[in-house]
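So the number in the working numbering is just where the residue sits in the first sequence, counting from 1, plus 169.
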Amino acid sequence: MFEVEQNVSFPALEREHLAFWKEERIFERSLEQNRAGKPFIFYEGPPTANGQPHWGSVFTRVSKDVFLRYQTMRGRFVPRREGWDTHGLPVEVEVEKELGVKGKAGIEAYGIEAFSRKCVQSVWRYIDAWHDMSQRIGFWLDTDGYATYHTYYVESVWWALKTLFDKNLLYQDYKSIWWWPQGNTGLSAGEVGEGYRAVDDPSVVVRFRTGDGRSLLAWTTTPWTLPSNVALAVAAKENYAEVKQTDGDVLIMARALVEKHLPEDSYEIVREFVGKDLEGLEYEPLYNWGDPGGKAHVVGCGDFVTLDSGTGIVHIAPAFGEDDNRYGKEQGLGFLQLVEPDGTFNADSEFVAGMNFKAADKPIMRDLKERGLLFSQATYRHDYPFCPRAPLDPLIQYARKSWFIRTSTEKDRVVKNNAAVRWQPEHIRDGRMGDFLRNNVDWALSRERWWGTPLPIWINDETGTMEAVSSTAEILVRNPDAFAAFDRAKAADPDLPDDLRVHKPWIDEVTWTRDGEPGTYRRVPEVIDCWFDAGSMPFAQWGYPHQNRDKFEAAFPADFITEAIDQTRGWWNAMLQISTLLFPDRAVPHPFRSCVVLGFITDAEGKKQSKRLRNYEPPMEALEKYSADAVRWALLSNTAPGLGAKFDGPIATEAVRDLLLKVWNVYSFLATYARIDGWEPQPPPPPVATRPTLDRWILAELDATVRDVHAAFERLESNVAARRLQALVDGLSNWYVRRSRDRFWTEGDSADKHAAFSTLHEVLCDVATLLAPFTPFLAETLFQRLGRGVDSDGVSSVHLLHLPDARDELADDDLRAAMAAVRDLVALGLQVRNVNRLKVRQPLAEAILVLGDPSRVEGYTDMFADELNVKRVTLSDEPAKYVEYEVVPNFRALGPKLGKRMPLCKKALAAADGSKLHAQLESTGTIRMRLTDGDAFELTRAEVEIRLRAKEGYAAASHGDRVVVLDTRVTDELKREGAAREVIHHIQAARKKLDLKYEARIQVTWHTDDDDLAQAVTEHESHIRRETLATTTQRGAPNADNKHEASIDDATLSFSIATV
RNA sequence: GCGCGCGUAGCUCAGCUGGUUAGAGCGUUCGCCUGAUAAGCGAGAGGUCGGUGGUUCGAGUCCACCCGUGCGCACCA
């Protein structure tokens, strides 16, 4: 107990605690002891484990930890399982890089089974790094978690998909989706959103000749889609014009856009008409590389055509753009797709055959130019999506048969569900999240890839009948030998992971037939968007509903989650969509009730941290350098929900100084004197009511803090709680300990000393407990050394404690207010000394207080006198001598009463003599006055505010209704006393320099040539001895070996110290 | 382009339902204190509360528009 090391190293202490927690299973115990408590359900958003954890991961995990620890210490049972997102593009892309293979052909050549096995391995590669980081920051998490590729998880996801399929919410359609040609797959809106970037694209206006000397002008930024054009669309009700150019050409375009495309005076308008009139007009295709096989090369009307840009005539290629595709279906147009899924032009495409779509822009433009079909060309800068996993690959809109979830028709219910969630900050609910959900389009679910949850739909290859399955068991019912191929492979190679049974390529071997039905059921080739995996986590982590139904029910919905705001379109969206669709009958909100939204961590300049720029310190290094608690405190106390945080070294250093060292110093003070005194806590502590004011004050502050901390957590504002604790620690260190110092070093036993020790001990114990969710390591250090509470197994950890509750017997708001007033007066007094160059060591005869409300500081004048080093404190009985009064309206009280006449009142009060008004108020209790508009007024005490200001000529300072006046006359007697204090100060400094023990006795030999100083020392000899623990003070020649010199005022004192 | 957030001291941020002298920490200058102190304390300097207009007796706070910044959305063919 009460160990104090000379140079405390927080990182070193932290490592000790990590070992202790592990050894004694403190995390597990903290769970076990609350097993009967009310559960607090938390979902861990599964991170993708295929990269090193970064500062964002640290921030998220710390934020989770503080809430979970808090709830645990409130007695809630808070299980927290980790989980890993293991499927999908991120993993595949990583493996592709590793293997050096690219594209569909590359992966197929490498072998799907081998590829899948690589993916499994890759997923676990960084897990150690994540565990190390989590452990080092003190994030407690049950590592016996889930991974999305495990069979039970996949089967759970299958169940979800089958449920949607059976509800007709999962469908296949030929639609335009965002397609990644190099990756051979489509992407969901969420993924696409990640990859937008500003790029320069060609912007061309092309002539479509009608064969009668006229040309329709159409604009596009994707020239490579022009060969696949099958129609042009116009706005039915807008005006169009035929324009004859001076060179004889006749062009058709929207009337309103003519000026934009043609120079003034270079044309004349021949004819005007509405778009509808163009309907049915046929034109010559630019190329004849394929047969659209249907209605084609004709003008139609489309309601999506606007005159915001281009020419008012829109080029339609149903094989690509989403509008184009829908329009093609509506109009019964033909279809021409000259670009293959891999992004290259097909063999029929003459001079661009085999060329990548993007590379074909230029040759096509050149060709059109040569043939006189290129009306104009420019560069167009706009945002365009690229593959988020391969930033050089532009995506294209590409018509493809894909699987969708019908989320758009269920939009209202999802929005309603979301509206019931408690978001912190609140604006996310109707802002970011709400907007995202309201703009929701059907979820493009399928991926034509390999490593993902296989879409569990089998189609009869003759009849086309579809069946969805929800488990391998269901498959085995249909065909007991369904997995024969896998089983043989497993027998041949026992290392084959069992989970590959439900993955490609093995799942594709699964087929069945049905009696009396021709054909074989074969699985569709697609896997699904891995966000669906993540969003299924609330039930799939348990393998629900195939197993663990009870566990699922017990842990649904979550009480609390927290992630960074980028999860709006990611995890939060997926969870809300899936849960709403799957569990329509459950009470909203689900699957989570509250969510704390985090911002991003930036560097010191506020720039986004990026691996490439290396503009941040690696987290693990920072944790070792500053300590995990410092990093945690810096992150937790500086960030409001929803906002980002800047993080750099100095901020962590500040946290060490502001909190860790401050708390540590208080502890070290207590420990030092407890050891000297042999004091030990003896429960129960003395009754609060019997303790001195200062003790009751800090206990009242403690209690107020407890209340505020709980209230802040109630509002999900951990940062507010952190700041409140900071304030308590300040008060403890800068006022309580400072003011109590001598109580700890008086000799012998006294009730006061015992109260001081008990109180400081008690407060530190509670501070340690309250800090435990924020700085678990420091809290543990304090707790252990303060020697409190040992559980039945002899294990003692702050993390097994309950947080203190508010205690009415401690609360004392009057005392808190009084002490605040005293501290304010002290600050004023110090200000007076400061301005008048009177250092605090110099005693002064008197301080005179003039107070608007003297009752408040009654009984505290001794404290004030001591702190200010004055002999006497007087409450002035003739304030008029020292101060002038100013009476100003209390706007809050008078505003509603006076309304428009408020300024008149203000003016009248300012014009009147404040001292007279004050006198009137004192004698009659009201102020009567006349406003400039002639109305008489009566103001009560509560309706005005009285301010005091010291008159000229006094050493005084004022604030509000308080004035402190100091008697600045330093008599010879006072001066000698001050000198004696100087002497004490210098002897103490020497003691410290000599590194003497606090309780060591000394003998002092001193000398000075100055008579006044000598008199001062002699006069105050006994005081000097007492303060410096000197047994003797002797005038004489100081020992030359250990001679100290001090200049006091204009004199010099030399002295030597000998230990006894 | 549309939407959301943010914009308060050199830096990082507080400022509740509008109430009149706008706060804290860091930094800086001066001073002080030290028997917990490689610490701490006080004071000074430093602010058109992004801008303009409006509502109101009163606006950092409410409204409108604008500017800057971050993010989100996305068929700009």
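We put the CB at the ideal spot given by N, CA and C, even for glycine. Nothing here was measured: the structure is a model prediction, and the numbers come from that model.
Limits of the unbroken beta strand (DSSP E) element including residue i
i	result
Ala1227	1220-1228
Pro371	365-378
Leu1020	1013-1020
Phe520	Here Phe520 belongs to no beta strand (DSSP E), and DSSP marks it neither H nor E.
Thr680	680-683
Glu1107	1105-1109
Asn408	408-414
Met635	635-637
Val439	436-443
Asp313	311-316
Ser1024	Unbroken run through Ser1024: none, as it is neither H nor E.
Lys1040	1039-1044
Contacts around residue i, its chain only, beta-carbon distance under 6 angstroms, and the 5 residues preceding and following it disregarded
i	result
Phe655	Arg670, Trp675
Thr1174	Gln1203, Gly1205, Pro1207, Ser1225
Ala880	none
Trp592	Arg598, Cys764
Ser384	Arg376, Arg378, Leu420
Burial state of residue i, where buried means 16 or more other Cβ atoms lie within 10 Å
i	result
Phe442	exposed
Ala1080	exposed
Gly497	buried
Trp347	buried
His484	buried
Trp848	buried
Met534	buried
Asp728	buried
Ile1156	buried
Pro350	buried
Opposing strand residues paired with residue i [DSSP bridges]
i	result
Thr1174	Gln1203, Ser1225
Ile574	Leu339, Trp612
Asn629	Tyr690
Glu1114	Val1057
Glu732	Val766
His1230	Since the first and last residues shown for the chain are 170 and 1229, residue 1230 lies out of range.
Asp1166	Residue identity differs from the one stated: residue 1166 is Lys in this sequence, not Asp. Its beta-bridge partners do not exist; DSSP assigns none.
Leu385	Phe377, Ile421
Met1098	Phe1106
Gln566	Trp347
Leu543	Val375
Glu1214	Ser1223
Cutoff 7 angstroms; reference residue i; Cβ partners in own chain excluding five residues on either side
i	result
Trp612	Ser357, Phe573, Ile574, Thr576, Gln746
Val177	Trp833
Trp711	Asn717, Lys720, Phe721
Asn525	Gly512, Thr513
Asp492	Phe473
Pro180	Glu793, Ser796
Phe838	Val906
Enclosing alpha helix (DSSP H) for residue i [first to last residue]
i	result
Gly449	Counting along the chain, Gly449 falls outside any alpha helix (DSSP H), and DSSP gives it neither H nor E.
Lys585	580-588
Tyr836	831-846
Trp711	No alpha helix (DSSP H) holds Trp711; DSSP gives it neither H nor E.
Ala298	296-305
Arg910	907-914
Close beta carbons around residue i, own chain, < 8 angstroms, minus the five adjacent residues each side
i	result
Phe520	Pro532, Asp536
Asp369	Thr548, Tyr549, Arg550
Ala891	Trp802, Leu805, Ser806, Phe943
Ala1105	Arg1097, Met1098, Arg1099
### Task
Kindly provide the ranges of any beta strand (DSSP E) runs that are 3 or more residues long and lie completely inside the region 466-509, ordered along the chain.
Correct list: 467-470, 482-485.
### Task
Would you mind listing the alpha helix (DSSP H) stretches within the region 643-680 that are 4+ residues and don't spill past its ends, in chain order?
Listed in chain order, the complete alpha helix (DSSP H) runs (minimum 4 residues) inside the region 643-680 are 653-661.
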